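Report on one structure; see the data block that follows.
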Amino acid sequence: MNILDAIDTIQSIADGVLFGATYALLGIGFTLVFGVMHKINLSYAAASVGASYASLLILAGIKAPPPLVFLLAAICGGFIGGMVYIVAFRFIPLANPLATLMSTVGLLLLIDEIIVHTTAGVPLAYPALFSDVIIRAGPFSLRGDLMFVFVLGCICMMLLLLLLYRTKLGLATRAVSQQPVAAELCGISITGVNGLTFVITGVVGGIAGAMIGAAIGMLSPLLSLPLTVKGLIVTVIGGLGSIPGAIIAGLLVGGLENLFQFFRGVSERDLYIMLLLFVFLVFRPGGLFAASAERD
Amino acid sequence: MDFYLGLLQIIGVHTLLGLSAYCVLLTGQVSLAQAGFFAVGAYVAGMLTVLAAWPLVPALAVAAIAGGAVACAVGFPALRVKGLMLVVATVAFGEAVRLFFFNFDYQVARGGIRIGPHGGEGFRQIRYFPEHGWSTLDVVLFVWSAVALVMAALWWMDRSRAGAVLRAVGEDELAAQSTGINVTAVKVSAMAIGGVIAGFGGGIFAHYTTHIEHVQFGVVLATFAIAYPILGGLSSVFGTPLAVIFIQGFLIEGLRFLGDWRNLLFGGLIVLAMNLRPRGLLDAGSTIALKRLFVRIKERAGAWPQRVD
Numbered sequence: 003m004n005i006l007d008a009i010d011t012i013q014s015i016a017d018g019v020l021f022g023a024t025y026a027l028l029g030i031g032f033t034l035v036f037g038v039m040h041k042i043n044l045s046y047a048a049a050s051v052g053a054s055y056a057s058l059l060i061l062a063g064i065k066a067p068p069p070l071v072f073l074l075a076a077i078c079g080g081f082i083g084g085m086v087y088i089v090a091f092r093f094i095p096l097a098n099p100l101a102t103l104m105s106t107v108g109l110l111l112l113i114d115e116i117i118v119h120t121t122a123g124v125p126l127a128y129p130a131l132f133s134d135v136i137i138r139a140g141p142f143s144l145r146g147d148l149m150f151v152f153v154l155g156c157i158c159m160m161l162l163l164l165l166l167y168r169t170k171l172g173l174a175t176r177a178v179s180q181q182p183v184a185a186e187l188c189g190i191s192i193t194g195v196n197g198l199t200f201v202i203t204g205v206v207g208g209i210a211g212a213m214i215g216a217a218i219g220m221l222s223p224l225l226s227l228p229l230t231v232k233g234l235i236v237t238v239i240g241g242l243g244s245i246p247g248a249i250i251a252g253l254l255v256g257g258l259e260n261l262f263q264f265f266r267g268v269s270e271r272d273l274y275i276m277l278l279l280f281v282f283l284v285f286r287p288g289g290l291f292a293a294s295a296e297r298d
Numbered sequence: 005m006d007f008y009l010g011l012l013q014i015i016g017v018h019t020l021l022g023l024s025a026y027c028v029l030l031t032g033q034v035s036l037a038q039a040g041f042f043a044v045g046a047y048v049a050g051m052l053t054v055l056a057a058w059p060l061v062p063a064l065a066v067a068a069i070a071g072g073a074v075a076c077a078v079g080f081p082a083l084r085v086k087g088l089m090l091v092v093a094t095v096a097f098g099e100a101v102r103l104f105f106f107n108f109d110y111q112v113a114r115g116g117i118r119i120g121p122h123g124g125e126g127f128r129q130i131r132y133f134p135e136h137g138w139s140t141l142d143v144v145l146f147v148w149s150a151v152a153l154v155m156a157a158l159w160w161m162d163r164s165r166a167g168a169v170l171r172a173v174g175e176d177e178l179a180a181q182s183t184g185i186n187v188t189a190v191k192v193s194a195m196a197i198g199g200v201i202a203g204f205g206g207g208i209f210a211h212y213t214t215h216i217e218h219v220q221f222g223v224v225l226a227t228f229a230i231a232y233p234i235l236g237g238l239s240s241v242f243g244t245p246l247a248v249i250f251i252q253g254f255l256i257e258g259l260r261f262l263g264d265w266r267n268l269l270f271g272g273l274i275v276l277a278m279n280l281r282p283r284g285l286l287d288a289g290s291t292i293a294l295k296r297l298f299v300r301i302k303e304r305a306g307a308w309p310q311r312v313d
């Protein structure tokens with residue numbers, strides 16, 4: 003009995019960690035925007051869900067094969083990300099963080115309403131890609147769709163890290179995040195870099211949205227608020243502005259969430275995640291990987 | 005007529021909620037926990053009048069104190085982090101409170117029926133007003149006298165040293181600290197004042213809706229709470245009710261004829277308002293302009309009798 007319990011526990015943690023890849027991607031999105039602009043984009047999770055909705059609608063419209071949905075989601079996400087930047091960030095003075103916060107909240111409500119409006123609020127079934135594949139490893143079994151989500155998430159993170167640390171664009175992004183004024187003096191267009199950051203985070207968000215859809219088998223406009231909260235928690239636990247932190251925190255939150263769900267049921271699950279956040283705020287306010295020093 | 009009275013009640017309670025966020029925003033902190041304090045106040049006041057059969061005013065006072073105490077308790081750990089981290093921490097706190105009430109079950113059998121908060125089904129039958137024969141108009145008057153009281157207190161605070169200290173911390177924390185202000189104490193007390201007002205407002209809310217449920221106190225309510233003062237402008241306490249009237253009266257009730265499209269317009273208008281007036285509807289400039297107008301009207305009114313003579 004005890005061994006069976008242990009197996010179930012480990013199984014639920016493993017499933018959670020695999021699903022945590024989506025949280026990690028969402029956390030990266032929040033973190034990147036924070037790193038570059040020092041602002042939080044509260045409409046990010048809603049935009050991600052919106053992008054996966056849009057990709058699903060386009061897919062139904064052009065009758066393309068289901069795996070294409072991820073590519074479409076990435077493109078839609080990038081487009082929506084750019085729009086978010088123009089609408090909610092571009093024309094609001096940088097020195098006024100409250101106004102941007104509020105405009106992203108407005109955008110969150112707007113995107114939610116657009117989703118509800120175009121789909122009449124009915125959850126959409128997501129094409130099942132690998133749900134019939136189950137990999138058995140001893141007493142454990144790994145669901146194919148979760149494995150796929152995890153692998154795709156890892157590829158995305160890898161590409162993102164390559165983009166940030168091996169390309170000119172990444173160099174410019176990091177420069178702007180460290181010293182906007184100096185970067186501008188070196189001839190980097192801050193508006194351009196900020197806009198591109200939003201497009202990149204949008205692409206990541208679109209893929210994350212599609213992954214969430216693929217993992218839980220459906221999309222609903224009700225997803226956007228819980229995902230916003232989860233993404234923010236992952237960002238804080240990982241340390242604001244830290245990409246490795248977001249990745250680890252995402253997997254951690256995913257695993258713990260499933261563990262709590264296994265032990266205490268779905269209605270109390272999120273309560274413990276919030277408590278975890280408070281533990282982090284009290285004992286490690288900077289998160290797992292806090293920025294090395296205060297930069298000006 | 006009842007519709008408009010009901011609208012006035014909603015505007016009144018939401019003004020209290022907005023004012024609670026206004027206190028915290030004055031110190032430059034963004035708190036999305038106000039919905040949590042509001043929920044605490046609502047449940048405490050409801051349980052006191054329904055289960056313990058207390059009169060309304062002491063119950064509201066206890067609800068306010070409970071809101072303030074919770075705010076204080078949250079303030080200490082949460083205010084160690086700054087700015088946007090605080091946003092996240094308070095979002096998480098608000099959600100934790102909501103989930104707590106989602107799992108909170110405390111029912112008492114009274115006269116054959118079970119009353120009290122019942123988990124996901126919420127807390128029904130908070131029937132203080134109908135049981136004590138209050139008409140809708142009485143309730144409206146009660147709500148608005150409470151709003152007037154709180155606004156007067158905040159207006160007075162804004163003009164006293166306390167207001168100056170709050171604004172100093174909000175404008176430049178480092179400068180405030182170097183003039184010898186205890187920044188943490190100021191922030192926590194601002195949070196506590198906000199908690200008191202939110203708890204008080206929550207108590208009133210529980211009694212006029214007669215049914216509270218965990219869904220009502222989610223992130224959406226919290227964002228509304230900070231939307232009012234930000235949209236209204238932080239330069240004056242009167243911006244908040246203005247924004248509540250704009251959102252609740254105009255955007256939510258006034259545009260009902262648009263049907264489904266209203267909700268679309270709602271988010272869009274908030275984005276547009278922030279793009280056009282990033283400092284709020286009633287910013288420092290328009291406050292000064294209004295003051296000048298007021299002075300001019302007063303001068304003219306004073307000048308009239310002389311002209312007649």
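Respectively, the protein sequence lines represent chains W and E. Following our numbering from start to finish, the first sequence increments by one per residue and tops out at 298. Following our numbering from start to finish, the second sequence increments by one per residue and tops out at 313. Glycine residues also receive a C-beta, built at the ideal position from the N, C-alpha and C atoms. This one's a predicted model, so the numbers in the text were calculated from it and none came from an experiment.
Same chain, Cβ closer than 7 Å to residue i, five either side skipped, listed in chain order
i, result
"E:Leu374", "In the structure as shown, chain E starts at 5 and stops at 313, and residue 374 of chain E therefore has no counterpart that could be examined."
"E:Gly265", "As written in the sequence, residue 265 of chain E is Trp, which differs from the Gly given in the question. Answer for E:Trp265: no residue qualifies."
"E:Thr188", "Leu83"
"E:Val190", "Thr31, Val169, Leu170, Val173"
Residue i versus residue j: straight-line alpha-carbon distance, rounded
i, j, result
"W:Ala122", "W:Ala130", "22 Å"
"E:Pro59", "E:Gly72", "20 Å"
"E:Ile3", "W:Gly80", "The first residue shown for chain E is 5 and the last is 313, placing residue 3 of chain E beyond what the model contains."
"E:Thr94", "E:Arg131", "32 Å"
"E:Arg260", "W:Ala101", "26 Å"
"W:Pro141", "E:Ala113", "49 Å"
"E:Leu29", "W:Leu109", "21 Å"
"E:Val224", "W:Val153", "34 Å"
"W:Val255", "E:Ala157", "43 Å"
"W:Ile245", "W:Gly31", "9 Å"
"W:Phe21", "W:Gly243", "22 Å"
"W:Tyr274", "W:Leu59", "36 Å"
"E:Lys295", "E:Ser193", "30 Å"
"E:Tyr8", "W:Ala248", "49 Å"
"W:Ala217", "W:Pro67", "18 Å"
"E:Gly120", "E:Ala63", "15 Å"
Neighbourhood of residue i by C-beta, 8 Å cutoff - its chain only, sequence neighbours within 5 removed
i, result
"W:Pro35", "Reading off the sequence shown, one finds Val at residue 35 of chain W, where the question assumed Pro. Once the five neighbours on either side are set aside, the close Cβ partners of W:Val35 are Lys41, Ile42, Asn43, Tyr46, Thr199, Phe200, Thr203."
"E:Glu257", "Leu11"
"E:Gln181", "Val187"
"E:Gly252", "A small fix is needed here, since residue 252 of chain E is Gln in this sequence, not Gly. So the qualifying residues of the chain are Leu11, Ile14, Ile15, His18."
Residue-chain proximity (residue i, chain W), Cβ-Cβ < 9 Å
i, result
"E:Gly230", "Gly is not the amino acid found at residue 230 of chain E; the sequence shown has Ile there. Closer than 9 Å: yes."
"E:Arg84", "yes"
"E:Phe104", "yes"
"E:Asp162", "no"
"E:Val275", "yes"
"E:Thr227", "yes"
"E:Ala100", "yes"
"E:Val44", "no"
"E:Val34", "yes"
"E:Met89", "yes"
"E:Ala202", "no"
"E:Met195", "no"
"E:Leu285", "no"
Residue i Cβ short of 8 Å to the ligand FMN heavy atom set
i, result
"W:Leu187", "By its list of ligands, the structure shown contains no ligand whatsoever, and the ligand FMN lies outside what it can speak to."
Residues near residue i by beta carbon distance below 6 Å, same chain, minus five either side
i, result
"W:Pro223", "Asp114, Ile117, Val118"
"E:His218", "Arg102, Phe105, Phe106"
Burial state of residue i, where buried means 16 or more other Cβ atoms lie within 10 Å
i, result
"W:Val178", "buried"
"E:Asn186", "exposed"
"E:Ala305", "exposed"
"W:Asn196", "buried"
"E:Asn267", "buried"
Minimum Cβ-Cβ distance from residue i to chain E less than 9 Å
i, result
"W:Ile190", "no"
"W:Met301", "No answer is possible for residue 301 of chain W: the residues shown for chain W start at 3 and end at 298."
"W:Phe265", "no"
"W:Cys178", "The amino acid occupying residue 178 of chain W in the given sequence is Val; Cys does not appear at that position. Not closer than 9 Å to any Cβ of chain E, the Cβ of W:Val178 fails to qualify, so no."
task: State whether the segment 255–267 of chain W contacts the segment 6–16 of chain W, with contact taken as three or more CB pairs (one from each stretch) at a distance under 8 Å.
output: Counting Cβ pairs under 8 Å, three or more are found: they touch.
*Does the segment 263–270 of chain W come close enough to the segment 95–114 of chain E to have 3 or more Cβ pairs within less than 8 Å?*
Put simply, the segment 263–270 of chain W touches the segment 95–114 of chain E. At least three CB pairs are less than 8 Å apart.
Tell me, please, whether the segment 84–98 of chain W touches the segment 159–179 of chain W by the rule of three or more beta-carbon pairs shorter than 8 Å.
Touching, no, given that fewer than three Cβ pairs across the two stretches are closer than 8 Å.
Discussion item. Contact between the segment 272–283 of chain W and the segment 144–164 of chain E is defined here as three or more beta-carbon pairs at a separation below 8 Å; is this criterion met?
Written reply: In short, these stretches do not touch, since the Cβ pair count stays below three.
TODO: Take every Cβ of the segment 196–204 of chain E, pair it with every Cβ of the segment 17–27 of chain E, and state whether three or more of those distances are shorter than 8 Å.
DONE: Contact between the segment 196–204 of chain E and the segment 17–27 of chain E is present: three or more C-beta pairs spanning the two stretches fall below 8 Å.
Original post:
Would you call the segment 203–220 of chain W and the segment 50–60 of chain W in contact, with 3 or more CB pairs under 8 Å?
Top reply: A contact exists between the segment 203–220 of chain W and the segment 50–60 of chain W.
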